[in-house]
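Remarks on the structure that follows.
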Amino acid sequence: MIAVLNIDWQTLADAVGLGSVYALMAVGIGLVFGVLRLVNFAYGQLIMAGAFALALASQWGWPVWAGVALCFAAVLVLSALMELVVFRPLRGQSPAVMLVATFAVAFLLEAIALIWFGSLGKIAASLAYLQQPVTIGGVDIRKIAIVATIVAVVCLAALVALLSRTNVGLQMRAAAIDFQTARLLGVRANRVIGAAVLISGVLAAAVAVLLTVQSPLVTPDFALRDTILVLAGVVLGGMYRLGSATLGGFAIGFASGLLGGALPTAQSQYLPSFLFAAVILVLLVRPQGLFTRSRQQAVERV
Amino acid sequence: MRRFAGALVELGGPALLVVAAGLLGTVFSHATQTYFIGALVNVAIVVALYSFIGNSGVVSFGHISFVALGAWTAGVLSVPTAEKPAIMPNLAHGLRTTTVANVPSLAIAAGVGAAFALVVGLPLMRLSGLAAGIATFGVLEITHNVLRYWEKIGPGLNTFSSVPETTGLLQAAVGALLAVCIAYGYQRSRFGRVLRATREDPAAARAVGVSMYVQRLVAFGLSGALAGFAGGIYVHLLPLNTEALYLNLTFITLAMLVIGGTTSLLGAVVGALAVSGVDSFLANAENGVSLAGWNVDLPSGTRIVVVGALMALVLILRPSGLTGGRELGLPRRPRIGSAR
């Protein structure tokens, strides 16, 4: 099997790295879904905005820390705007309306980037040294794969601590289970939703930094394909629990990285077909998600 | 009698709009006419979307894959045999030697669209909610991916050139009109009404013995046929490639449906015509146009910004769309003694 697929340690490490990045995106999407019951299709465009911020900073010759700061600032401002201008007026609409609305926002942001930066894109090169390999025990592994994995683990650990140890975390978990009852018990809707949107923005900015190292050319459709895959992964894992959603994101990133690195080109061009066919198959067998225990079915219509 | 008149008004609204758009197109120069033709093709695609999404209430991101398959079918079949090796060198043998005329190619495109939709729908219609939305997206991804790289069934990455350009104003208008009539016939039929019932109240529909699965599957197959047909008309209009039949078209056609009003045929037609109008004006402006002495020259991408903003605005301010999701109707007779 290993010989057939030609998997080496480098491919495996890259797959883990990509899985980690996708897991972070899955958390970002899952957090907002938890409190708002809204699937944010425009999540990839937040990442795209952060990536353009990094590219601009590297074009202006800013130091790395300033570029990363600009990236976080851009993504957070955009997240807050998205919540105020789009999510808030849509609150309480049917899930179908909200999904289609964020679909529109995604295309809107992509087109704005197209007007602003052109279709050729810009290069974010200030972190390019992370592409170089480091030798561990005789095996070459790209630094970014290690950095991505560490960043993901640290972010997830911080998030778990936040959700389980702080007051706002408790409120977020309560809101995710039953928003109405949580509000009756004194949870402030705007505060909880604001916190979820901002944390999800922080994760998007982190993902932007990691993804620009992996593919330094930033175009208006940056992270669009990744978002579609992650959305599939999130639904595949089970949307209604953050843990299963994260696992789903990791799984699809890992599978995508592994197959993409291991298959010869003649087959790897059909990789999206394989992945989505697998997703559809799994959904048929377990529509409620791969990593969920409960038998409850998703009843709302989207 | 009144019921018949009501039906006539309901169908008449959208049908007249299509006819009017076709007639209006004839008075313009050739260059402007293409915008009208494009708008009518959009009507056909959006009506196909509507016949599933509007009646079932389930959002599908996958319908453009049926359009793409219809376009591929009609395109491959109607390129003259002499020109096939030049643009499709790896075409499968059976396809290389056959050529069909314009109308049969459209009919076959509709058939292939329906068959694909039924095959895909057989498992997919069991799903509901988010899982269904993501799965239809998966279908779009798979279709796009396969059409892009499988050169035995089409031009692959290349553009579909040398397809006879038979879609003029007449074919586009007749095609759109046909789609409107079929969609209306379906929605007035027993099947359409039952599916609408499942949309309004799944539990009640199930309680009276309606199978949501079967009803959705019927609608999916029908809208697959309409979408394939629309794809056939589209490929006879201009040379297409896989990128023209992917996310952007999915977005713009969904936007048309949502802006017009998802739950009515009138909404589908109004949305398609209105957004096409705005879109063609902006497309013109992106190439530079002088408007009342002003030289307008918009950067490329403005179209999507405007349409996206329109769609978001409509969703926030008027989620049921411009038409409110209603058909045209006769004025209601006042009921004597009614409480309202």
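Taken in sequence, the protein lines are chains A and B. Counted from 1, the first sequence has number 45 at position 45 by the working numbering; the numbering is strictly sequential. Counted from 1, the second sequence has number 1046 at position 46 by the working numbering; the numbering is strictly sequential. Just so it is clear, CB atoms sit at the ideal spot from N, CA and C, and this is done for glycine as well.
query: Answer yes or no: does any C-beta atom of chain A fall closer than 8 angstroms to that of Gly1012 (chain B)?; result: no
query: Got a sec: is the Cβ-Cβ distance from Gly1075 (chain B) to anything in chain A below 8 angstroms?; result: no
query: Mind listing, in chain order, the continuous alpha helix (DSSP H) runs of no fewer than 4 residues lying wholly within the region 112 to 162 of chain A?; result: none
query: Please decide whether Leu90 (chain A) counts as near chain B, where near means a Cβ-Cβ distance under 8 angstroms.; result: yes
query: Could one say the Cβ of Phe1137 (chain B) lies closer than 8 angstroms to chain A's Cβ atoms, at least one of them?; result: yes
query: Within a Cβ cutoff of 7 angstroms, which residues of the same chain sit near Pro1227 (chain B), ignoring the five residues on either side of it in sequence?; result: A quick correction: the sequence has Ala, not Pro, at residue 1227 (chain B). Here the set comprises Ile1045, Ala1048, His1063, Phe1066, Val1067, Gly1070, Gly1113.
query: Could you check which residue in A:Ala251, A:Leu211, A:Phe222, A:Thr219 has the C-alpha nearest to that of Val230 (chain A)?; result: A:Ala251
query: Does the distance from the C-beta atom of Thr11 (chain A) to that of Gly261 (chain A) stay below 8 angstroms?; result: yes
query: Sort out for me which residues DSSP pairs Leu217 (chain A) with in a bridge.; result: A:Ile123
query: Is it buried or exposed for Ile1259 (chain B), if we count other Cβ within 10 angstroms and need 16 for buried?; result: buried
query: When the cut-off is 8 angstroms and only beta carbons count, does Ile177 (chain A) lie next to chain B?; result: no
query: From this set, A:Gly34, A:Met98, A:Gly118, A:Gly137, which residue's C-alpha is nearest Asp221 (chain A)'s C-alpha?; result: A:Gly118
query: Can you pull the chain A residues whose beta carbon is under 7 angstroms from the beta carbon of Gly1321 (chain B), in chain order?; result: The contacting residues do not exist; Gly1321 (chain B) stays about 11 angstroms from chain A at best.
query: Determine the DSSP secondary structure at Lys1084 (chain B), reduced to helix, strand or coil.; result: helix
query: Around the C-beta of Arg1148 (chain B), are 16 or more other C-beta atoms found within 10 angstroms, so that it is buried, or is it exposed?; result: buried
query: Run through DSSP, which three-state label would Thr292 (chain A) get?; result: coil
query: Reducing DSSP to helix, strand and coil, say where Asp14 (chain A) ends up.; result: helix
query: How big is the Cα-Cα spacing for Ala1173 (chain B) and Ser1320 (chain B)?; result: 27 angstroms
query: Let me know if Arg1303 (chain B) comes out buried or exposed under the rule of 16 or more other beta-carbons within 10 Å of its beta-carbon.; result: buried
query: Please report the distance separating the alpha-carbon of Val235 (chain A) from that of Ala174 (chain A).; result: 21 angstroms
query: Quick check: the region 1188 to 1207 of chain B against the region 1027 to 1037 of chain B, are at least 3 beta-carbon pairs closer than 8 angstroms?; result: no
query: Quick one: give me the first and last residue of the alpha helix (DSSP H) that Ser1223 (chain B) is part of.; result: 1212 to 1235
query: Could you name the residues of chain B that Ser215 (chain A) contacts, counting a contact when the two beta carbons are closer than 8 angstroms?; result: Simply none; closest approach about 19 angstroms.
query: Are the C-beta of Tyr43 (chain A) and some C-beta of chain B separated by less than 8 angstroms?; result: no
query: Got a sec? Which residues, its chain only, sit under 7 angstroms from Leu46 (chain A) by beta carbon, not counting five neighbours each side?; result: Val75, Leu78, Ser79, Gly201, Ala204
query: Output needed for Val213 (chain A): all residues of its chain with C-beta closer than 6 angstroms, excluding positions within five of it in sequence on either side, in chain order.; result: Leu127, Leu130, Ile144
query: Which whole runs of the alpha helix (DSSP H) in the region 1149 to 1220 of chain B are 4 residues long or more, in chain order?; result: 1169 to 1188, 1190 to 1200, 1202 to 1207
query: Write down the C-beta distance between Ala1074 (chain B) and Ser1105 (chain B) rounded to the nearest angstrom, noting that I regard them as a contact closer than 8 angstroms.; result: 4 angstroms
query: For Thr1253 (chain B) and Ser273 (chain A), what's the separation of their Cα atoms in angstroms?; result: 23 angstroms
query: Tell me, please, whether the region 1228 to 1236 of chain B touches the region 1120 to 1127 of chain B by the rule of three or more beta-carbon pairs shorter than 8 angstroms.; result: no
query: Am I right that Gly253 (chain A) and Ala23 (chain A) are in contact with their C-beta atoms under 8 angstroms? What's the rounded C-beta distance?; result: 7 angstroms
query: Just the C-alpha distance for His1236 (chain B) and Phe291 (chain A), rounded to the nearest angstrom, thanks.; result: 47 angstroms
query: Cutting at 7 angstroms between CB atoms, please list the residues of its own chain near Ile1182 (chain B), excluding the five before and the five after it.; result: Leu1226
query: Taking the Cβ atom as the reference point for each residue, do Ala26 (chain A) and Met82 (chain A) lie within a distance shorter than 8 angstroms?; result: no
query: Can you tell me where the alpha helix (DSSP H) holding Thr246 (chain A) begins and where it ends?; result: 242 to 262
query: For Ala298 (chain A), which of helix, strand or coil comes out of DSSP?; result: At Ala298 (chain A) the pLDDT is 45, less than 50, meaning the model places this residue with poor confidence; the figure from the coordinates comes in the next sentence. DSSP places Ala298 (chain A) in coil when its eight states are reduced to three.
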